[in-house]
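Residue numbers (UniProt numbering): 1 to 308.
For reference, the structure discussed in these notes is given below.
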Amino acid sequence: MSKTLIWDNGANTIKIGFISDQQPRIIPNCVVKAKSERKRVYVGDELNECRDHSSLFFLLPAEKGYIVNWDIQQKIWDRIIGKDVFDVTPSDTKLVLTDPIYNVPAIKDFSYEILFEHHSFHSVAKTSATSLVALADTVSSQYGNEFCCIIVDSGYSFTHIVPYYKGKAVRSAIVRIDIGGKALTNLLKEWVSYRQLNVLEETYVMNECKEDVCYVADDFQRHMDIAKRHGKENSIIREYVLPDFVSHHRGFICEPSNCNKENNQKLTVNVERFAAPEALFNPSDVGIHQMGIPEALAYSVSLCPEGN
């Protein structure tokens with residue numbers, strides 16, 4: 001009996017699982033070399049076996065959200081399909097694979113060639129991640145096929161605003177903003193390197209730091225006012241303990257009562273916690289002259305044909 005495999009091929013991570021699974025598995029979409037183990041190359045999920053995540057060198061298959069290095073991408077796909085990860089039998093597997101919105105036709109064609117000729121999948125259906133979200137909402141909605149929604153898909157390389165009407169994307173109203181998680185991590189690296197400690201080569205560590213400490217402020221100016229305060233009046237400031245790759249392999253937020261007791265390397269994060277994600281809403285503040293998410297939402301709605 002054939003199985004159905006859902007595969008969201010993101011530029012930073014691959015979210016993958018069989019249709020019967022409760023949760024997808026998240027696998028890094030990269031090949032990595034580490035300074036600590038120069039003779040070994042880590043492919044995809046093997047990155048979890050790396051003992052020292054400092055100064056990692058990444059080989060990424062995607063650039064600006066689109067696959068450009070097929071040798072790297074195929075190596076990662078081979079690893080995922082192989083017996084050590086999902087142990088897929090392609091000839092008995094139906095594959096649902098996501099593509100970036102407005103993907104280049106040549107990239108689509110080459111991916112089909114790899115999936116059918118190299119891996120021999122039973123069948124392949126391509127869609128976008130936003131279409132899967134819209135489908136799930138349509139199925140669960142009381143309005144059925146009349147359901148309408150607008151989806152904000154903020155990924156690694158860019159953010160898309162996609163309106164849906166009766167289950168179909170209104171393609172003329174799709175808006176793209178060239179900022180995503182990668183840009184936010186780079187911002188955080190630059191600010192911390194300028195103010196405290198040089199972490200420009202610590203992309204992996206600072207990406208984890210971003211995930212652990214950053215948040216979106218519901219009132220930016222109010223949070224700025226709080227961040228200016230001192231002592232206990234500042235509820236935003238945190239100490240972030242960097243990994244030492246001996247006693248702990250991931251950084252963590254340090255409790256104030258214990259911060260001075262541990263002899264660990266720490267970062268103090270204050271306004272950076274909410275200023276980095278704010279770039280999604282005001283890209284011009286960091287030199288990206290495009291609309292933020294609020295303006296893009298309004299613009300996308302204005303592009304929808306009347307009557308929709």
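Every residue, glycine too, gets a C-beta built ideally from N, C-alpha and C.
- In the three-state reduction of the DSSP assignment, T89 falls in the coil class, being assigned neither a helical nor a strand state.
- The segment 200–211 and the segment 51–61 touch, with three or more beta-carbon pairs separated by less than 8 Å.
- Within its own chain, the residues whose Cβ lies closer than 7 Å to the Cβ of G10, once the five positions on either side in sequence are excluded, are N29, G155 and Y156, listed in chain order.
- Sequence-distant Cβ neighbours of F281 in its own chain, meaning closer than 7 Å and more than five residues away, are G292, I293 and P294.
- Every alpha helix (DSSP H) stretch that sits fully inside the segment 22–102 and reaches 4 residues is listed by chain position as 70–81.
- Contact between L297 and Q265 is absent: CB atoms are separated by about 41 Å, not below the 8 Å threshold.
- Exclusion of the five residues before and after V271 leaves A227 as the residues of its chain whose Cβ lies within less than 6 Å of its Cβ.
- According to the DSSP assignment, H160 belongs to the beta strand (DSSP E) that extends over T159 to Y165.
- In this model, I236 and D219 are separated by some 13 Å (Cα to Cα).
- Using a C-beta cut-off of 8 Å, the segment 177–184 makes contact with the segment 282–289, since at least three inter-stretch Cβ pairs fall below that distance.
- The closest CA to that of R250, considering only I6, C50, K35 and V43, is found on C50.
- Listed in chain order, the non-local C-beta contacts of Q74 below 8 Å within the same chain comprise I114 and H118, local neighbours out to five positions each way being set aside.
- Within the segment 208–280, the complete alpha helix (DSSP H) segments at least 4 residues long are 220–227, 256–259 and 272–275, listed from N- to C-terminus.
- V175 sits close to S300, with the two beta carbons spaced by under 8 Å.
- With respect to the 8 Å criterion, I6 and I80 are not classified as neighbours on the basis of their beta carbons.
- A residue is called buried once 16 or more other Cβ atoms fall within 10 Å of its Cβ, and I19, having fewer, is exposed.
- K94 sits close to S123, with the two beta carbons spaced by under 8 Å.
- Within the same chain, L97 and D99 come within 6 Å of K126 by CB-CB distance, once the 5 residues on both sides are set aside.
- Its chain contains I161, V162, P163, Y164, L297, S300 and V301 as the residues whose beta carbon lies nearer than 8 Å to that of I150, once the 5 sequence neighbours on both sides are disregarded; these appear in chain order.
- Around the CB of Y194, fewer than 16 other CB atoms lie within 10 Å, so the residue is classed as exposed.
- Residues V162 of the same chain have their beta carbon placed closer than 6 Å to that of A169, with the five preceding and five following residues left out of the count.
- For the options P277, S172, F252 and I288, the alpha carbon positioned closest to that of P305 is the one of S172.
- In the structure shown, A11 falls within a coil segment according to DSSP collapsed to helix, strand and coil.
- Distance from I76 to V31 at the Cβ level is roughly 7 Å; contact confirmed, criterion being Cβ atoms closer than 8 Å.
- Taking all protein chains shown into account, Y102 has fewer than 16 neighbouring C-beta atoms within 10 Å of its C-beta and is therefore exposed.
- The three-state secondary structure of S128, taken from DSSP, is coil.
- Taking C-beta separations shorter than 8 Å and ignoring five residues to either side along the sequence, the partners of D92 in its chain run M1, S2, K3 and H122, following chain order.
- By the neighbour-count criterion, in which a residue is buried when 16 or more other Cβ atoms sit within 10 angstroms of its Cβ, T89 is exposed.
- Beta-bridge analysis with DSSP links I151 to V162.
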